[in-house]
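Visitor: What follows is a structure written as structure tokens; I'll ask about it next.
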Amino acid sequence: MSDEASEQSASDADEEAASGIQEGDFVRLAYTARSVENDQLVDTTDEEVAEEEGVDDQQQSFEPRVIAVGAGHLFDTVEEDFTGGEAGDSGTVTVPADEAFGEYDEGEVRTVSADRIPEDDRYPGGHVDIDGEHGHVETIIGGRARVDFNHPLAGEDVEYDYEVLDTVDDRLEQADGMLGMYFDADFDMRIETDEVEEEQMVEPDEDEADEDDEESEPEFETDVVEKETLYIEQSPQLQFDQQWMMGKQQILGDLIDRLDLDRVVVEEVIDGTGGMMGGMGGMMGGMGGGGGEADLDAIEEELEDADVDVDDITDELDEE
Numbered sequence: 024m025s026d027e028a029s030e031q032s033a034s035d036a037d038e039e040a041a042s043g044i045q046e047g048d049f050v051r052l053a054y055t056a057r058s059v060e061n062d063q064l065v066d067t068t069d070e071e072v073a074e075e076e077g078v079d080d081q082q083q084s085f086e087p088r089v090i091a092v093g094a095g096h097l098f099d100t101v102e103e104d105f106t107g108g109e110a111g112d113s114g115t116v117t118v119p120a121d122e123a124f125g126e127y128d129e130g131e132v133r134t135v136s137a138d139r140i141p142e143d144d145r146y147p148g149g150h151v152d153i154d155g156e157h158g159h160v161e162t163i164i165g166g167r168a169r170v171d172f173n174h175p176l177a178g179e180d181v182e183y184d185y186e187v188l189d190t191v192d193d194r195l196e197q198a199d200g201m202l203g204m205y206f207d208a209d210f211d212m213r214i215e216t217d218e219v220e221e222e223q224m225v226e227p228d229e230d231e232a233d234e235d236d237e238e239s240e241p242e243f244e245t246d247v248v249e250k251e252t253l254y255i256e257q258s259p260q261l262q263f264d265q266q267w268m269m270g271k272q273q274i275l276g277d278l279i280d281r282l283d284l285d286r287v288v289v290e291e292v293i294d295g296t297g298g299m300m301g302g303m304g305g306m307m308g309g310m311g312g313g314g315g316e317a318d319l320d321a322i323e324e325e326l327e328d329a330d331v332d333v334d335d336i337t338d339e340l341d342e343e
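What follows is the structure, given as structure tokens:
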């Protein structure tokens, strides 16, 4: 076989090996995960399964999820099982305990003072948080408590039944899927190509650089560049989400890399609520217009409702 034929054969083999679903692709996945030992439900995207298990009243949606392969949204063993496959593939795979929720560690069962546990949680099975660790109470005897800080599923192998429904190419759907892995919220998003002014350093000509051996200040010029931008409207629900406030920088950075974006812009929308400050602004504008005695009476009533001293405001206006 000639060298050219060998290279072509190797190229074809590499292309065949890389066919199908690969790391970086987005897929829509339906799955149900249960512990192997006692068939305890771990996670599901199936609403019927959630209803059967009595967990459908939780504040989360049960529907197939869009995940980025290789982003850590699923255990590696599960992703490896469908990598290289196609939409429509299904399978069953077992994730060993050490990869799932860790092996059970007897050293993580510790004795603590019962005073460190809220009274409402002082019973076997009560969930507690102590020094940043989450655990559950095993026993309480006198003033001492035994608390297990292992994950509830530590030591358990987990079995996944899954089906790859389709691959997802739409970037807004990809973004919604990634954000949905972290936040149970609806996102209003759009992608636009913006023209943005950007300062760039001017590289000196080689001749000029040779003539000037001394160090000189770098020169900059302003260029207009195009930036692929994902706009996310920050809902009131997100504004008070602790994970959003603390982790959005890292999560959105990952979003930029995986969706091949230049930047993400988070928009905060504040709607007029007609509250006290808005009412005060309208009232002060009315005063400037000389509205008459009836208007002043109405203003005084509104100021009383707003718990504002009208005499203080009148004195301040007289001084002006």
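Using this note's numbering, count along the sequence shown one by one with no gaps and you end on 343. Built from N, CA and C at the ideal position, the CB exists for glycine as well.
Looking only at its own chain, which residues have a Cβ that is under 7 angstroms from the Cβ of H223, when we skip the five neighbours before and after it?
Guide: By one-based count along the sequence shown, residue 223 stands at place 200. According to the sequence shown, residue 223 is Gln rather than His. Counting only Cβ-Cβ distances below 7 angstroms, and skipping sequence neighbours, we find F243, E244, D246.
Visitor: Any contact of the segment 46–56 with the segment 182–197, i.e. 3+ C-beta pairs under 8 angstroms?
Guide: The segment 46–56, when compared against the segment 182–197, does touch it at the 8 angstroms Cβ threshold.
Visitor: One question on the structure: do V118 and F98 come within less than 7 angstroms of each other, judged by their Cβ atoms?
Guide: Position 95 of the sequence shown, counted from the start, is the residue given in the question as residue 118. Position 75 of the sequence shown, counted from the start, is the residue given in the question as residue 98. The answer is yes: Cβ separation under 7 angstroms.
Visitor: For E122, which option in R139, I140, L176 has the closest C-alpha, if you only look at C-alpha atoms?
Guide: Indexing the sequence shown from 1 puts residue 122 at position 99. Nearest option by C-alpha distance: L176.
Visitor: Whose CA, out of E129, T134, Y127, T162, lies closest to the CA of D144?
Guide: Locating residue 144 in the sequence shown gives position 121, counting from the first residue. If we check each option's Cα against that of D144, T162 comes out closest.
Visitor: Any heavy atom of the ligand GDP closer than 6 angstroms to the CB of H174?
Guide: You won't find the ligand GDP in this model; it holds no ligand whatsoever.
Visitor: What are the start and end residues of each continuous beta strand (DSSP E) run of 3 or more residues lying completely inside the segment 153–177, in chain order?
Guide: Runs found: 156–164, 167–171.
Visitor: Within 10 Å of its beta-carbon, does S58 have 16 or more other beta-carbons around it, so buried, or fewer, so exposed?
Guide: Working through the sequence shown from its first residue, we reach residue 58 at position 35. Label assigned to S58: buried.
Visitor: Nearest CA to the CA of V248: which residue from F263, D285, V292?
Guide: In the sequence shown, the residue the question calls residue 248 occupies position 225. When only C-alpha atoms are compared, the closest one is D285.
Visitor: I'd like the list of long-range same chain contacts for D79, defined as Cβ closer than 7 angstroms, with 5 residues on each side in sequence excluded.
Guide: Indexing the sequence shown from 1 puts residue 79 at position 56. Correct list, in chain order: E70, A73, F85.
Visitor: How would you label I140, buried or exposed, when you count the other beta carbons within 10 angstroms and need 16 or more for buried?
Guide: Numbered from its first residue, the sequence shown carries residue 140 at position 117. So I140 ends up on the buried side.
Visitor: Terminal residues of the continuous beta strand (DSSP E) containing M224?
Guide: As a first step, residue 224 is located in the sequence shown; it is residue number 201 there, counting from the start. It spans 211–225 - the beta strand (DSSP E) in which M224 sits, taken as one unbroken run.
Visitor: Excluding five sequence neighbours on each side, which residues of the same chain lie with their C-beta closer than 7 angstroms to the C-beta of F210?
Guide: Position 187 of the sequence shown, counted from the first residue, corresponds to residue 210. Taken in chain order, the residues that qualify are D199, L202, I255.
Visitor: Looking only at C-alpha atoms, which of D277, V292, Q257 sits nearest to I90?
Guide: Counting from 1 along the sequence shown, the entry for residue 90 is found at position 67. Per the Cα distances, D277.
Visitor: Give the single residue among E131, D154, P87, N61 whose Cα lies nearest to the Cα of F172.
Guide: Indexing the sequence shown from 1 puts residue 172 at position 149. When each option's Cα is compared against that of F172, the closest is E131.
Visitor: Can you list, in chain order, the residues of its chain with a C-beta nearer than 8 angstroms to that of G93? Leave out the 5 residues immediately preceding and following it.
Guide: Position 70 of the sequence shown holds residue 93. Once the five neighbours on either side are set aside, the close Cβ partners of G93 are E46, G47, E102.
Visitor: Which residue from V181, W267, E156, K250 puts its Cα closest to that of T216?
Guide: Translated into positions along the sequence shown, residue 216 becomes position 193. That would be K250, whose Cα lies nearest to the Cα of T216.
Visitor: Would you list, in sequence order, the uninterrupted alpha helix (DSSP H) runs of no fewer than 4 residues that lie entirely inside the segment 46–109?
Guide: Entirely contained in the segment 46–109, the alpha helix (DSSP H) runs reaching 4 residues are, in chain order, 70–76, 99–105.
Visitor: Residues bridged to Y183 by DSSP?
Guide: Reading the sequence shown from its first residue, position 160 is the one you call residue 183. Its beta-bridge partners are A56, V116.
Visitor: Which same chain residues end up closer than 8 angstroms to Q83 when comparing Cβ atoms and leaving out the 5 residues on each side of it in sequence?
Guide: Along the sequence shown, read from residue 1 onward, the residue named residue 83 stands at position 60. Around Q83: D207.
Visitor: Looking only at its chain, what residues have a beta carbon closer than 6 angstroms to the beta carbon of G178, apart from the 5 residues adjacent to it on each side?
Guide: Counting from one through the sequence shown, the residue named residue 178 turns up at place 155. Excluding residues within five positions, the ones whose Cβ falls inside 6 angstroms are A120, E126, Y127.
Visitor: Starting from the C-beta of M300, find all residues in its chain whose C-beta is less than 7 angstroms away, skip the five residues before and the five after it, and write them out in chain order.
Guide: The residue you call residue 300 lines up with position 277 of the sequence shown. Caution applies to M300, whose pLDDT of 48 falls short of 50 and renders its modelled position unreliable; the value that the coordinates give is listed next. Same-chain partners within the cutoff: there are none.
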